Amino acid sequence: MQPEQVDRLREAADAGVSFDGLDVERGDDGYRFAVPGDERTGLDADGFRAAAADAAGYVTNWCFWNETAPSYDARRSFLRWLESADERAVPDRYESLTDGVVRHWGELELTATLGDDGHRTYDLRHETDGGRPVADLDAFEDPLEARELVTYDEKGRYRPLKTAPTLRTGWVFPGLSARELTETVGHVYPATVENWHREREGDLDVSHWRETAERQTGIYDIVDELDREAVERIAATCCVDSQCLKRREWEYDEGTEVDVDGGDGEFPCREPCSLVVAAARKWTTLEREETHTYEFELTPSEKEQVEEIIDTVADGRTDDVREADVYEGANRYRARYLREKLFGDEGNLAGVPTED
Amino acid sequence: MQALVIVAHGSHLNPDSSTPTYRHADTVRETGAFDEVVTGFWKEEPHFREVLRTVESDEVYVVPLFISEGYFTEEVIPRELRVDDDVGLDDPDPGWEPRRGAPEDVDKSVHYCGPVGTHDAMSDVIVQRAESVTGDTDVGDGFGLTVVGHGTERNENSAKAIEYHADRIRERGRFDEVKALFMDEDPEVDDVTDFFESDDVVVVPLFIADGYHTQEDIPEDMGLTDDYRKGWETPGEVDGHHIWYSGAVGTEDLMADVVLERAAEAGADVGDAIETVRELTGGVRPPADD
């Protein structure tokens, strides 16, 4: 704790300070300085300094939140949530912060650590890299560098959905300030902190499916044709935890829930996103088609193989099937053999043409 | 506090679509003219719907990184920002007046600015793009220049913007010939060499980001390459002309200047940031009578 920090607190006593268990004010008979279990009154400047020295954590904690932490309420509550500031008293919190307090946000692992004079530094990395020494990871300082990191997945493919569980590993922002931490989180998972905060305040503005679909114009004008069952399928397809780390809070409409589980994510999804709307447009046109009866002959194993291929693609496991593992239906050789056997020259399944 | 919010289309498929948006935001951020500079997208995140809540400032200047007034700037963006009751106007005439709106979801004042593409300063960016691709800061003498646009397929204002800048650059007399060409209407960019007597022709597409149109269609349509995947020479030879193809004008660093101009005309206090950006990005000053 620096003497100037005590001086600034004493100056603030004129207006009164009441923060995280610290109460300071100036009365006619001198200063009052109180923390849980220790109240001192009638203090002069020296007495004030002595009281502050005995409760240094409370003083530096006030300085950090009053002078260093961001003022924007959403970012502030996020940082306070990180160190459980609303639940834990300062001495207890400081003890944990000295070793580092860890929280998870999507796939991120965030660690808050107490430095000198109440300063906090923050470490941000992929949760898979938790516990790895910084020297083993690619270290970054500038929050803006996170934009590039989150653009591609581990295999170098473009990530069109920021909250998909496909963040690359192997990097770290080891020494962020409070402001830089919230900025970096904002690049990794845009607007999640703000929506999470609104939800905590009971102020999350959810736009349900119907409302969102009816708002669309242009090429997306058609998506409100989709019925409730199709919307259930969309939620099960796109919005479950294996596909998106937001917790779906939108329903079919205000009075009609979507039965599919919304997920366990820390931060909410307040309306169908642009990917869902764009995909819904495709499904709208597909759902306009009538069914036809086709006749195919498949062996039981071939039928099961078709099912296995669909499952493997739908679960994103094609790369996990080993090249020579011909016991997997979605193995490339198995699929090529099936194509050789079942597709005619026109590429039609069992030689049966597709009817319009 | 005042914030600058740059809104752009973005893409679900092309990772480079947002790159110019980020870069221009970074340039403006460096000037310190705004307390906050953020980006929002139609196809990326944060979405238009949620971008306003990511800034703390009460006064928010929203600049659309779009080429012309039309469906996106008049309808989609105001609606998604929830300022359409105040801002959504079907105003087909170029000559943009900044508008003010109070969004329904956040307690902020939104200053809705004109799109970058129709601002006069965009003519300078086109010229600068010609300088960049030729590597000649005095390029003009002996050169033709064409500004290429999409055409009227979806929005006739886009063609107006192309012609507007072509006219302005022609009037300056710097290039021997200046022509507006289009992808899907006459005069077509496919026949680019028919329209020029000059041996050297600079081709600048008036697009915000490089993508399918600027990196595949236009080079192939002009005959610069028979397969975009093989790339092309700069300059490339087509029918005895040297074609200097620049790629999307929106990737030119000086675009940050147009963003600032749009915010400033809506009342943002940008101090000397416009001059700073012109220095940072090597911006050309328009002639005194321009």
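Here the protein sequences line up with chains A and B, keeping their order.
When the letters of the first sequence are read in order and numbered with the working numbering, they come out as residues 829 to 1184.
When the letters of the second sequence are read in order and numbered with the working numbering, they come out as residues 117 to 406.
All C-beta atoms in this analysis are idealised placements derived from N, C-alpha and C, irrespective of residue type, glycine included.
Keep in mind the model is a prediction, meaning the values are calculated, not measured.
Contact list for residue i against chain A, beta-carbon separation under 8 Å
i: D142 (chain B); result: L972
i: P335 (chain B); result: Neighbours of P335 (chain B) on chain A: none; closest Cβ ~22 Å, over 8 Å.
i: P131 (chain B); result: T979, Y980 and Y986
i: R169 (chain B); result: A902, A1019, E1022, N1023 and R1026
i: R221 (chain B); result: According to the sequence displayed, residue 221 (chain B) carries Asp and not Arg. Result: D1033.
Proximity of residue i and residue j at Cβ, strictly below 8 Å
i: L1114 (chain A); j: A1006 (chain A); result: no
i: G230 (chain B); j: P219 (chain B); result: no
i: L1177 (chain A); j: Q1133 (chain A); result: no
i: C1097 (chain A); j: W1111 (chain A); result: no
i: V203 (chain B); j: G217 (chain B); result: yes
i: D1092 (chain A); j: D1069 (chain A); result: yes
i: A1158 (chain A); j: E1136 (chain A); result: yes
i: R921 (chain A); j: E937 (chain A); result: no
i: A379 (chain B); j: Y177 (chain B); result: yes
i: V845 (chain A); j: W890 (chain A); result: yes
i: D872 (chain A); j: R854 (chain A); result: no
i: V320 (chain B); j: V264 (chain B); result: yes
i: T135 (chain B); j: I122 (chain B); result: no
i: V179 (chain B); j: V222 (chain B); result: no
i: G875 (chain A); j: D857 (chain A); result: no
i: H140 (chain B); j: S133 (chain B); result: no
i: V887 (chain A); j: L837 (chain A); result: yes
i: H440 (chain B); j: V393 (chain B); result: What is shown of chain B runs 117 to 406, which leaves residue 440 (chain B) out entirely.
Cross-strand partners of residue i (DSSP beta bridge)
i: L1177 (chain A); result: A:F1171
i: V317 (chain B); result: B:G260 and B:I359
i: T1084 (chain A); result: A:D1081
i: G217 (chain B); result: B:V226
i: V1000 (chain A); result: A:R953 and A:A967
i: I122 (chain B); result: B:T155 and B:V179
i: K295 (chain B); result: B:T262
i: F861 (chain A); result: A:V852 and A:R868
i: V393 (chain B); result: Looking at the DSSP assignment, V393 (chain B) forms no beta bridge with any residue, so it has no partner.
i: L936 (chain A); result: A:W933 and A:H954
i: V354 (chain B); result: B:H357
i: E304 (chain B); result: B:F298
i: R1075 (chain A); result: A:P1096
i: S905 (chain A); result: Answer by DSSP bridge pairing: none, since S905 (chain A) is not bridged.
Between the CA atoms of residue j and residue i - distance to the nearest angstrom
i: V249 (chain B); j: W360 (chain B); result: 7 Å
i: F182 (chain B); j: G156 (chain B); result: 13 Å
i: G865 (chain A); j: A974 (chain A); result: 45 Å
i: E1042 (chain A); j: Y1080 (chain A); result: 12 Å
i: E895 (chain A); j: D1143 (chain A); result: 48 Å
i: D300 (chain B); j: V308 (chain B); result: 13 Å
i: V144 (chain B); j: V1059 (chain A); result: 42 Å
i: T926 (chain A); j: V1149 (chain A); result: 45 Å
i: L1032 (chain A); j: W1024 (chain A); result: 8 Å
i: G387 (chain B); j: A149 (chain B); result: 7 Å
i: R877 (chain A); j: V1000 (chain A); result: 40 Å
i: L120 (chain B); j: D914 (chain A); result: 33 Å
i: L1004 (chain A); j: E1011 (chain A); result: 10 Å
i: S127 (chain B); j: R165 (chain B); result: 16 Å
i: L396 (chain B); j: D369 (chain B); result: 9 Å
i: K276 (chain B); j: D142 (chain B); result: 30 Å
i: W893 (chain A); j: L989 (chain A); result: 33 Å
i: D1184 (chain A); j: R1116 (chain A); result: 12 Å
i: P210 (chain B); j: A282 (chain B); result: Residue confidence for P210 (chain B) is low, a pLDDT of 44 falling below 50, so the modelled location carries little weight; the figure read from the coordinates is stated next. Distance between the alpha carbons of P210 (chain B) and A282 (chain B): 15 Å.
i: E332 (chain B); j: G934 (chain A); result: 37 Å
i: C1072 (chain A); j: F259 (chain B); result: 52 Å
i: F1171 (chain A); j: T1182 (chain A); result: 12 Å
i: M829 (chain A); j: D951 (chain A); result: 23 Å
i: A389 (chain B); j: H227 (chain B); result: 18 Å
i: T997 (chain A); j: T941 (chain A); result: 22 Å
i: R1145 (chain A); j: D1139 (chain A); result: 8 Å
Under 8 Å from the C-beta of residue i: neighbouring residues of chain B
i: R1043 (chain A); result: R195
i: R1167 (chain A); result: Within chain B, no residue comes near R1167 (chain A); the closest Cβ sits about 27 Å away, beyond 8 Å.
i: P993 (chain A); result: Correct list: empty, because the minimum Cβ distance to chain B is about 15 Å.
Under 7 Å by beta carbon: chain B residues contacting residue i
i: S1102 (chain A); result: W158, K159 and H163
i: P804 (chain A); result: There is simply no residue 804 (chain A) to check, as chain A begins at 829 and stops at 1184 in what is shown.
i: D964 (chain A); result: Under the 7 Å cutoff, chain B gives no residues; its nearest Cβ is about 27 Å from D964 (chain A).
Where residue i meets chain A, residues with beta-carbon distance less than 9 Å
i: E172 (chain B); result: P898, S899, Y900, D901, A902 and R903
Residues that residue i contacts on chain A, provided the C-beta gap is smaller than 7 Å
i: E191 (chain B); result: T1045
i: H128 (chain B); result: P988, L1103 and A1106
Residue i: CB within 7 Å of a non-hydrogen atom of the ligand MN
i: V226 (chain B); result: Absence of the ligand MN from the depicted structure is noted, as is the absence of any ligand whatsoever, leaving it without description.
* Which ranges would you report for the beta strand (DSSP E) in the segment 1092-1117 of chain A if only whole runs of at least 3 residues count? -> Under the rule that a run must span 3 or more residues, no beta strand (DSSP E) segment is found entirely inside the segment 1092-1117 of chain A.
* Asked: Unbroken beta strand (DSSP E) runs of length 3 or more, entirely within the segment 941-969 of chain A: which are they?
  -> Runs found: 948-954.
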